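Encoded as structure tokens, the structure appears first; notes follow it.
Protein chains: 2
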Amino acid sequence: MMSSPIQCPPVSRVVIFGGTHGNEMSGVTLVKHWLKDPSELHRKTFEPEPCLANPLAVEKCVRYIDSDLNRSFSEEVLSSSESESDPYEFKRARELNQKYGSGPGLFDFVFDLHNTTSNMGATLLRCSEDDILSLHLAKYLQSSSGNQSMPCYNYLIDIPKKDNVYLQNIGKHSLCLELGPQPQGVIRADVLTRMRELVNCGLDFLDLFNQGKEFPSFETDIYKVLTRVDYPRDHSGEISAFIHSGLQDKDYVPLKPGDPIFTTINGEVLHCNGDTVVYPTFINEAAYYEKKVAFILTEKVSRKVPALKLETLEHHV
Amino acid sequence: MMSSPIQCPPVSRVVIFGGTHGNEMSGVTLVKHWLKDPSELHRKTFEPEPCLANPLAVEKCVRYIDSDLNRSFSEEVLSSSESESDPYEFKRARELNQKYGSGPGLFDFVFDLHNTTSNMGATLLRCSEDDILSLHLAKYLQSSSGNQSMPCYNYLIDIPKKDNVYLQNIGKHSLCLELGPQPQGVIRADVLTRMRELVNCGLDFLDLFNQGKEFPSFETDIYKVLTRVDYPRDHSGEISAFIHSGLQDKDYVPLKPGDPIFTTINGEVLHCNGDTVVYPTFINEAAYYEKKVAFILTEKVSRKVPALKLETLEHHV
């Protein structure tokens, strides 16, 4: 038996963040362009707003100034009052939350544009199992967008709302695009084109939804975060082994028990000691060295997604 | 008629620099390892010294702290007296020059280990047309090293000694290894292995030379720097076009008049307007955005290299 469609109110306030990390250049370049010429973003039913999330970091072409903006949207930071000694990104997080994330001005949909040095293709990253609208949007991207040299993957970091520290969490619905591989500070035309195509396709979906199009139920694969794996380290905390060449660039490729994962500089190989097949992601991401993350293991789960339609007026009264 | 062999004195003082740029991780990782365990470097006729060139930048995993160390070895910087307000790298350049580059302690051979985000394979970069010993070493690397997934290219930036600002210039002979592509801040096992193999092979060559082996004359291709090309920019100095996808990753591939080189965000394509075939290099290198370099054009020239042998004692007396 089919479950009845989920109903959502129209999506009218949409923001597109780029430069949340100042050296992830696809989003930086696109948002800078849209700020000068937003005509491409215009849709019949809404007018999306581009926003450079971390302008100081963009100016210096670094990930962040004092602390990672995309880890600064904690309840604690957002609810505490401003202090002079706060990291720049804490102040900026409060500003962005004030403008896009709270009260009657709460935005309906947040796109957050990122790049990774890992071979992650076009990863569609969501932070809540319950956000059905963004799952439909992701499905639309997977079916509609032509370029298959960077395939789309559904990615889920399932975090309780209260523990979520990511920028995308400030909106009602959200999707983070993580495109790679692209080195920090570099604009690759192919990656930029793919990101632009995905954003436009996402806006088309929201426009169709607002106009009353119904989207049928479907079943989809989701890569769901299991655990973060650190590099092996010596007694002083220094990395003592690095990603094995057999694992490098193999994001989303099944990792089986016994597969090589790390190699020491003396050629000693460390193998995967799990007992099930898992899917490694964000392998050898430059920005994750300081976070003590060599890669993130996910499981591939199948998920039934109910149909989606616009909330009809009688639900409002 | 064959010219007579060039004679050189033995090469006994050899330094291997890594971390000249603190986020170029192959050299950083190898030199850190060799500082702990130098046994791999030992050769019959000499004992190479590993040195972390910019330890503060390595610690922070950035290219440099105040200014680019590998542009700090100018006569002006090296000969001026220290001042508190000097960039950190100016002080460090004087320290390194004092220890390795001057007086009776002058080093015979300098290896300088770098990575690039460009698809440069294993680029063997030299700064002087006259350094015949390093050309023989490069030839030895090209013939001896097994791994052909990162082929060796002979690269020449021909700069008069007095205008040379590069670290490698402080020794009598030198070779800079530029391996890529590798993102900044990332350790790729394949690139690290290739760099290690090349350094060891280079040390083998010097050891054979010191033991009296003669190296015959040969002819070789050299990519010689012609000109640096900046990104197109708007009136405010911002980049207005980026590397065309047809040029991306095509380092050392012949670039013909009319070939696409840049694309604007609106899809306008800019073509190569030269009238000869040239060879683009360092295409889309992350660190060169701030130097206003989109790529560096080279010409491929053929060079006859005379034979090389150890200077015999009677030349000393």
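Here the protein sequences come in this chain order: A and B.
Each step along the first sequence adds one to the number in the working numbering, with nothing skipped, and position 312 is 312.
Heads up, the working numbering is the position in the second sequence plus 317, with the first residue counted as 1.
Ideal Cβ placement from N, Cα and C applies to all residues, glycine included.
Note that the coordinates shown come from a computational prediction; the quantities given were computed from them, not determined experimentally.
- Put simply, the segment 254-265 of chain A does not touch the segment 179-191 of chain A. Fewer than three CB pairs are less than 8 Å apart.
- With its beta carbon at least 7 Å from every one in chain A, residue 336(B) lies outside the interface.
- Residue 559(B) is bridged by DSSP to 580(B).
- Closest in alpha carbon position to residue 569(B), among 606(B), 448(B), 537(B) and 614(B), is 614(B).
- The same chain holds no residue with a CB closer than 6 Å to that of residue 85(A) once the five nearest residues on each side in sequence are set aside.
- With at least 16 other beta carbons inside 10 angstroms of its own, residue 210(A) counts as buried.
- Of all residues in the segment 170-184 of chain A, those with a C-beta nearer than 9 Å to a C-beta of chain B are 181, 182, 183 and 184, reading in chain order.
- The beta-carbon of residue 432(B) is placed no less than 7 Å from the nearest beta-carbon of chain A.
- For residue 550(B), the beta-bridge partners assigned by DSSP are 556(B).
- At a cut-off of 7 Å, the C-beta of residue 552(B) has no neighbouring C-beta in chain A.
- Excluding five sequence positions before and after residue 292(A), the CB atoms of its chain that fall closer than 6 Å to its own CB belong to 230, given in chain order.
- Closer than 7 Å to the CB of residue 350(B) there is at least one CB belonging to chain A.
- Secondary structure of residue 328(B) (DSSP, three-state): coil.
- Contacts between residue 245(A) and chain B, judged by CB atoms closer than 9 Å, involve 505, 506, 507 and 510 in chain order.
- At a cut-off of 7 Å, the C-beta of residue 601(B) has a neighbouring C-beta in chain A.
- Here residue 545(B) carries a strand assignment [DSSP, helix/strand/coil].
- Taken in chain order, the members of the segment 252-265 of chain A whose beta-carbon sits within less than 7 Å of a beta-carbon on chain B are 263 and 265.
- Per DSSP, reduced to three states, the secondary structure at residue 219(A) is strand.
- Secondary structure at residue 104(A): helix, using DSSP grouped into helix, strand and coil.
- Following the DSSP letters along the chain, one finds residue 176(A) inside the beta strand (DSSP E) bounded by residues 173-180.
- Here residue 535(B) has 456 and 622 as same chain residues with Cβ atoms under 7 Å from its own Cβ, once five neighbours each way along the sequence are excluded.
- Within the segment 606-624 of chain B, the residues whose Cβ lies closer than 7 Å to any Cβ of chain A are, in chain order, 606.
- According to the DSSP assignment, residue 210(A) belongs to the alpha helix (DSSP H) that extends over 189-210.
- Counting along the chain, the unbroken alpha helix (DSSP H) around residue 453(B) starts and ends at 449-461.
- Against chain A, the beta carbon of residue 559(B) has neighbours under 7 Å at 187 and 189, listed in chain order.
- Within the segment 73-103 of chain A, the alpha helix (DSSP H) runs of at least 4 residues that lie entirely inside it are, in chain order, 75-79 and 88-100.
- Leaving aside the five residues that flank residue 13(A) on each side, the residues in its chain whose CB is nearer than 7 Å to its CB run, in chain order, 107 and 108.
- Here DSSP, grouped into helix, strand and coil, assigns residue 119(A) to coil.
- Taking residue 125(A) as reference, the option from 105(A), 41(A) and 158(A) with the minimal CA-CA separation is 158(A).
- For the segment 138-157 of chain A, no residue has a beta-carbon sitting nearer than 9 Å to a beta-carbon of chain B.
- Annotation: residue 493(B) to residue 40(A) spans about 46 Å, alpha carbon to alpha carbon.
- Check the Cα spacing between residue 485(B) and each of 429(B), 433(B) and 459(B): the tightest is with 429(B).
- Note on residue 69(A): 16 or more other CB atoms within 10 angstroms of its CB, so buried under the neighbour-count rule.
- Residue 427(B) is a Cβ neighbour of residue 332(B), given a cutoff of 7 Å.
- By the beta-carbon neighbour count (other beta carbons within 10 angstroms, threshold 16), residue 465(B) is exposed.
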